[in-house]
(Lines of atoms letter the chains of each structure in order from A; the text may use other names.)
(Lines give C-alpha, C1' and ligand atoms only; values in the text may rest on other atoms or scores of the structure.)
Protein backbone atom coordinates (compact mmCIF):
# COMPACT_ATOMS: atom_id res chain seq x y z
CA UNK A 602 0.00 0.00 0.00
CA UNK A 603 1.27 3.42 -0.82
CA UNK A 604 2.39 5.64 1.94
CA UNK A 605 0.29 8.71 2.62
CA UNK A 606 2.15 11.88 1.74
CA UNK A 607 1.03 14.55 4.13
CA UNK A 608 0.57 17.36 1.67
CA UNK A 609 -1.33 20.35 2.98
CA UNK A 610 -3.66 21.01 0.03
CA UNK A 611 -5.31 24.23 1.15
CA UNK A 612 -2.58 26.78 0.98
CA UNK A 613 0.77 25.56 -0.22
CA UNK A 614 3.81 27.75 -0.53
CA UNK A 615 6.97 25.67 -0.49
CA UNK A 616 10.23 27.56 -0.41
CA UNK A 617 13.37 25.92 -1.72
CA UNK A 618 16.94 27.18 -1.54
CA UNK A 619 18.16 27.51 -5.09
CA UNK A 620 21.88 28.02 -5.57
CA UNK A 621 22.66 29.57 -8.93
CA UNK A 622 26.07 28.35 -10.01
CA UNK A 623 27.53 30.55 -12.69
CA UNK A 624 30.71 29.11 -14.23
CA UNK A 625 33.70 31.36 -14.02
CA UNK A 626 35.10 31.65 -17.53
CA UNK A 627 38.83 32.32 -17.79
CA UNK A 628 39.61 35.21 -20.09
CA UNK A 629 42.72 35.66 -22.21
CA UNK A 630 45.13 38.15 -20.71
CA UNK A 631 46.23 40.86 -23.16
CA UNK A 632 49.53 42.55 -22.31
CA UNK A 633 49.32 46.25 -21.51
CA UNK A 634 51.91 47.98 -23.70
CA UNK A 635 51.75 51.14 -21.65
CA UNK A 636 53.18 49.31 -18.66
CA UNK A 637 56.13 47.79 -20.59
CA UNK A 638 59.53 49.60 -20.56
CA UNK A 639 60.43 50.96 -24.00
CA UNK A 640 63.57 52.55 -25.42
CA UNK A 641 63.35 56.15 -26.60
CA UNK A 642 64.02 56.34 -30.35
CA UNK A 643 65.00 59.59 -32.06
CA UNK A 644 62.34 60.85 -34.47
CA UNK A 645 62.94 62.74 -37.65
CA UNK A 646 61.02 66.03 -37.65
CA UNK A 647 57.85 65.70 -39.71
CA UNK A 648 57.99 61.89 -39.73
CA UNK A 649 54.59 60.37 -38.85
CA UNK A 650 54.38 58.30 -35.72
CA UNK A 651 53.04 54.80 -36.39
CA UNK A 652 49.92 54.02 -34.32
CA UNK A 653 50.15 50.70 -32.46
CA UNK A 654 48.01 47.97 -34.00
CA UNK A 655 45.06 47.21 -31.70
CA UNK A 656 45.17 43.86 -29.95
CA UNK A 657 42.03 41.69 -30.33
CA UNK A 658 39.92 41.26 -27.18
CA UNK A 659 39.47 37.51 -26.81
CA UNK A 660 37.39 37.61 -23.60
CA UNK A 661 33.95 37.78 -25.30
CA UNK A 662 34.88 34.88 -27.57
CA UNK A 663 36.05 32.78 -24.64
CA UNK A 664 32.83 33.52 -22.76
CA UNK A 665 30.70 32.60 -25.78
CA UNK A 666 32.53 29.31 -26.28
CA UNK A 667 32.15 28.43 -22.61
CA UNK A 668 28.40 29.07 -22.74
CA UNK A 669 28.07 26.84 -25.80
CA UNK A 670 29.98 24.05 -24.09
CA UNK A 671 28.12 24.31 -20.75
CA UNK A 672 24.43 25.04 -21.35
CA UNK A 673 22.60 26.44 -18.35
CA UNK A 674 20.39 24.09 -16.36
CA UNK A 675 16.64 24.67 -16.69
CA UNK A 676 15.20 26.69 -13.83
CA UNK A 677 13.04 24.83 -11.30
CA UNK A 678 10.05 26.07 -9.31
CA UNK A 679 10.72 27.55 -5.87
CA UNK A 680 7.16 26.79 -4.77
CA UNK A 681 3.90 25.32 -6.06
CA UNK A 682 0.59 27.18 -5.98
CA UNK A 683 -2.59 25.31 -5.07
CA UNK A 684 -5.98 26.46 -6.38
CA UNK A 685 -8.85 25.03 -4.33
CA UNK A 686 -12.37 24.76 -5.73
CA UNK A 687 -15.51 23.02 -4.49
CA UNK A 688 -18.79 23.11 -6.43
CA UNK A 689 -19.51 24.59 -9.87
CA UNK A 690 -22.94 25.93 -10.80
CA UNK A 691 -24.34 28.50 -13.25
CA UNK A 692 -25.53 31.62 -11.43
CA UNK A 693 -24.51 30.34 -7.98
CA UNK A 694 -26.49 31.23 -4.90
CA UNK A 695 -24.81 34.27 -3.27
CA UNK A 696 -25.21 32.62 0.15
CA UNK A 697 -22.76 29.91 -0.89
CA UNK A 698 -20.64 31.94 -3.30
CA UNK A 699 -17.47 31.28 -1.34
CA UNK A 700 -17.76 27.58 -2.20
CA UNK A 701 -19.39 27.80 -5.63
CA UNK A 702 -18.01 29.17 -8.89
CA UNK A 703 -19.78 29.73 -12.19
CA UNK A 704 -18.46 27.32 -14.86
CA UNK A 705 -17.76 30.25 -17.19
CA UNK A 706 -15.57 31.90 -14.57
CA UNK A 707 -13.80 28.61 -13.93
CA UNK A 708 -13.21 28.24 -17.68
CA UNK A 709 -11.67 31.74 -17.71
CA UNK A 710 -9.31 30.71 -14.90
CA UNK A 711 -8.18 27.64 -16.83
CA UNK A 712 -7.77 29.60 -20.07
CA UNK A 713 -5.47 32.01 -18.23
CA UNK A 714 -3.35 29.15 -16.88
CA UNK A 715 -3.07 27.60 -20.33
CA UNK A 716 -2.26 30.91 -22.03
CA UNK A 717 0.52 31.61 -19.53
CA UNK A 718 2.08 28.13 -19.80
CA UNK A 719 1.28 26.86 -16.31
CA UNK A 720 2.10 23.23 -15.58
CA UNK A 721 -0.23 21.00 -13.54
CA UNK A 722 1.83 18.26 -11.85
CA UNK A 723 0.48 14.92 -10.69
CA UNK A 724 0.27 14.12 -6.99
CA UNK A 725 3.34 11.91 -7.32
CA UNK A 726 5.30 14.74 -8.95
CA UNK A 727 4.19 17.04 -6.13
CA UNK A 728 5.24 14.48 -3.51
CA UNK A 729 8.67 14.15 -5.15
CA UNK A 730 8.99 17.95 -5.19
CA UNK A 731 8.16 18.20 -1.47
CA UNK A 732 10.01 15.15 -0.18
CA UNK A 733 12.92 14.69 -2.59
CA UNK A 734 13.56 18.21 -3.93
CA UNK A 735 12.65 17.02 -7.43
CA UNK A 736 12.45 19.76 -10.05
CA UNK A 737 9.17 21.15 -11.38
CA UNK A 738 8.63 23.84 -14.02
CA UNK A 739 8.66 27.37 -12.54
CA UNK A 740 4.96 27.92 -13.24
CA UNK A 741 3.48 24.89 -11.51
CA UNK A 742 -0.02 24.87 -10.03
CA UNK A 743 -2.17 22.11 -8.51
CA UNK A 744 -5.89 22.42 -9.26
CA UNK A 745 -7.98 20.79 -6.53
CA UNK A 746 -11.66 20.17 -5.80
CA UNK A 747 -12.84 19.33 -2.29
CA UNK A 748 -15.82 17.13 -1.30
CA UNK A 749 -16.46 15.37 -4.63
CA UNK A 750 -19.49 17.11 -6.11
CA UNK A 751 -21.00 15.82 -9.34
CA UNK A 752 -20.44 19.25 -10.88
CA UNK A 753 -16.73 18.42 -10.93
CA UNK A 754 -17.58 15.81 -13.56
CA UNK A 755 -20.25 17.85 -15.36
CA UNK A 756 -18.33 21.12 -15.69
CA UNK A 757 -14.73 21.01 -14.46
CA UNK A 758 -13.68 17.75 -16.13
CA UNK A 759 -14.46 18.79 -19.74
CA UNK A 760 -12.98 22.27 -19.19
CA UNK A 761 -9.73 20.77 -17.93
CA UNK A 762 -9.68 18.40 -20.91
CA UNK A 763 -10.20 21.30 -23.30
CA UNK A 764 -7.17 23.17 -21.96
CA UNK A 765 -4.89 20.17 -21.45
CA UNK A 766 -4.70 20.64 -17.68
CA UNK A 767 -4.91 18.16 -14.80
CA UNK A 768 -6.83 18.28 -11.53
CA UNK A 769 -7.20 16.43 -8.23
CA UNK A 770 -10.52 15.68 -6.54
CA UNK A 771 -10.66 14.99 -2.80
CA UNK A 772 -14.05 13.31 -2.23
CA UNK A 773 -15.76 12.62 1.10
CA UNK A 774 -15.78 8.83 1.06
CA UNK A 775 -19.17 8.14 2.61
CA UNK A 776 -20.90 10.57 0.22
CA UNK A 777 -19.52 8.63 -2.74
CA UNK A 778 -20.56 5.31 -1.24
CA UNK A 779 -24.06 6.60 -0.53
CA UNK A 780 -24.20 8.07 -4.06
CA UNK A 781 -26.93 10.43 -2.94
CA UNK A 782 -27.59 14.11 -2.75
CA UNK A 783 -27.64 16.16 0.42
CA UNK A 784 -31.12 17.71 0.86
CA UNK A 785 -31.20 21.15 -0.68
CA UNK A 786 -27.54 20.99 -1.60
CA UNK A 787 -25.68 19.14 -4.35
CA UNK A 788 -25.33 15.62 -5.66
CA UNK A 789 -22.00 13.83 -5.39
CA UNK A 790 -19.92 11.86 -7.87
CA UNK A 791 -20.89 8.33 -8.82
CA UNK A 792 -18.46 5.44 -9.05
CA UNK A 793 -18.78 5.36 -12.86
CA UNK A 794 -17.96 9.06 -13.14
CA UNK A 795 -14.90 8.67 -10.91
CA UNK A 796 -13.65 5.69 -12.90
CA UNK A 797 -14.04 7.56 -16.19
CA UNK A 798 -12.14 10.59 -14.94
CA UNK A 799 -9.34 8.50 -13.44
CA UNK A 800 -8.94 6.54 -16.68
CA UNK A 801 -8.65 9.78 -18.68
CA UNK A 802 -5.45 10.85 -16.93
CA UNK A 803 -6.96 14.31 -16.45
CA UNK A 804 -8.25 13.70 -12.92
CA UNK A 805 -6.82 11.76 -9.99
CA UNK A 806 -8.22 11.33 -6.51
CA UNK A 807 -7.03 12.01 -2.99
CA UNK A 808 -8.62 11.57 0.42
CA UNK A 809 -10.90 14.04 2.21
CA UNK A 810 -11.49 11.41 4.92
CA UNK A 811 -14.25 8.83 4.75
CA UNK A 812 -16.63 10.16 7.40
CA UNK A 813 -14.73 12.83 9.34
CA UNK A 814 -15.82 15.89 7.43
CA UNK A 815 -17.56 17.29 10.46
CA UNK A 816 -17.02 18.63 13.96
CA UNK A 817 -17.62 17.80 17.61
CA UNK A 818 -18.48 20.63 19.98
CA UNK A 819 -17.08 23.11 17.50
CA UNK A 820 -13.81 21.30 16.81
CA UNK A 821 -13.10 19.42 13.55
CA UNK A 822 -13.06 15.63 13.94
CA UNK A 823 -9.40 15.32 12.94
CA UNK A 824 -8.48 17.49 15.92
CA UNK A 825 -10.44 15.61 18.58
CA UNK A 826 -10.99 12.03 17.37
CA UNK A 827 -9.01 9.19 18.92
CA UNK A 828 -6.15 7.60 17.02
CA UNK A 829 -8.08 4.34 16.52
CA UNK A 830 -11.07 6.20 15.07
CA UNK A 831 -8.97 8.05 12.52
CA UNK A 832 -7.13 4.87 11.51
CA UNK A 833 -10.47 3.13 10.95
CA UNK A 834 -11.71 6.06 8.88
CA UNK A 835 -8.63 6.00 6.65
CA UNK A 836 -8.93 2.26 6.16
CA UNK A 837 -12.57 2.63 5.11
CA UNK A 838 -11.47 5.17 2.53
CA UNK A 839 -8.88 2.74 1.18
CA UNK A 840 -11.51 0.01 0.94
CA UNK A 841 -13.75 2.35 -1.04
CA UNK A 842 -11.00 3.19 -3.53
CA UNK A 843 -10.16 -0.50 -3.91
CA UNK A 844 -13.82 -1.34 -4.55
CA UNK A 845 -13.95 1.34 -7.26
CA UNK A 846 -10.73 0.11 -8.86
CA UNK A 847 -8.95 3.39 -8.12
CA UNK A 848 -5.30 3.72 -7.09
CA UNK A 849 -4.79 4.22 -3.37
CA UNK A 850 -4.47 7.87 -2.47
CA UNK A 851 -1.09 9.34 -1.58
CA UNK A 852 -2.47 12.69 -0.39
CA UNK A 853 -5.13 13.96 1.98
CA UNK A 854 -6.88 17.33 2.12
CA UNK A 855 -7.74 18.01 5.77
CA UNK A 856 -11.40 18.98 6.25
CA UNK A 857 -11.46 22.66 7.26
CA UNK A 858 -7.66 22.59 7.08
CA UNK A 859 -7.47 21.35 10.69
CA UNK A 860 -5.83 18.28 12.22
CA UNK A 861 -4.18 17.14 15.44
CA UNK A 862 -1.16 15.11 16.46
CA UNK A 863 -3.24 11.94 16.57
CA UNK A 864 -4.22 12.49 12.93
CA UNK A 865 -0.57 12.60 11.88
CA UNK A 866 0.08 9.43 13.86
CA UNK A 867 -2.85 7.76 12.12
CA UNK A 868 -1.49 8.66 8.69
CA UNK A 869 1.85 7.09 9.61
CA UNK A 870 0.18 3.99 11.04
CA UNK A 871 -1.92 3.40 7.92
CA UNK A 872 1.01 4.15 5.63
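Residue numbers (this note's numbering): 602 to 872.
Using N, Cα and C, we set each Cβ at its ideal position, and we do this for glycine too.
Quick one: give me the first and last residue of the alpha helix (DSSP H) that residue 685 is part of. The count along the chain shown starts at 1 and reaches residue 685 at position 84. Segment 682-686 is the beta strand (DSSP E) holding residue 685; no alpha helix (DSSP H) there.
Cβ-Cβ separation, residue 790 to residue 753 (assumed contact under 8 Å), whole Å: Along the chain shown, read from residue 1 onward, the residue named residue 753 stands at position 152. Along the chain shown, read from residue 1 onward, the residue named residue 790 stands at position 189. Between residue 790 and residue 753 the Cβ distance is about 7 Å, and since that is below 8 Å, they are a contact.
8 Å Cβ shell around residue 762 - same chain, five flanking residues per side excluded: Along the chain shown, one-based indexing puts residue 762 at 161. The residues 801, 803, in chain order, have a CB closer than 8 Å to that of residue 762 in the same chain once the five nearest residues on each side in sequence are set aside.
Please list, in chain order, all residues of the same chain as residue 695 whose beta carbon is under 7 Å from its beta carbon, the five residues on each side excluded. Residue mapping note: residue 695 aligns to position 94 of the chain shown, counting from 1. Answer for residue 695: no residue qualifies.
Check whether the segment 680-688 and the segment 737-747 are in contact - that is, three or more C-beta pairs closer than 8 Å. Verdict: yes, contact present.
If we ignore side chains and look at the alpha-carbon of each, how far apart do residue 764 and residue 711 end up? Sequence index remark: in the chain shown, residue 764 carries index 163 (1-based). Sequence index remark: in the chain shown, residue 711 carries index 110 (1-based). Between residue 764 and residue 711, the C-alpha separation is close to 7 Å.
In or out: residue 717 buried (at least 16 other Cβ within 10 Å) or exposed? Here residue 717 is taken as the residue at index 116 of the chain shown, counted from 1. Label assigned to residue 717: exposed.
To the nearest angstrom, report how far apart residue 792 and residue 850 are at their CA atoms. By 1-based counting over the chain shown, the position of residue 792 is 191. By 1-based counting over the chain shown, the position of residue 850 is 249. Rounded to the nearest whole angstrom, the CA to CA distance from residue 792 to residue 850 is 16 Å.
Kindly provide the ranges of any alpha helix (DSSP H) runs that are 4 or more residues long and lie completely inside the segment 771-837, ordered along the chain. For the segment 771-837, whole alpha helix (DSSP H) runs of length 4 or above, ordered along the chain, are 774-779, 792-801, 822-825.
Taking Cβ positions, are residue 860 and residue 836 nearer each other than 8 Å? What you label residue 860 is simply residue 259 of the chain shown in a count that begins at 1. What you label residue 836 is simply residue 235 of the chain shown in a count that begins at 1. Their beta carbons are not under 8 Å apart, which means residue 860 does not touch residue 836 by this criterion.
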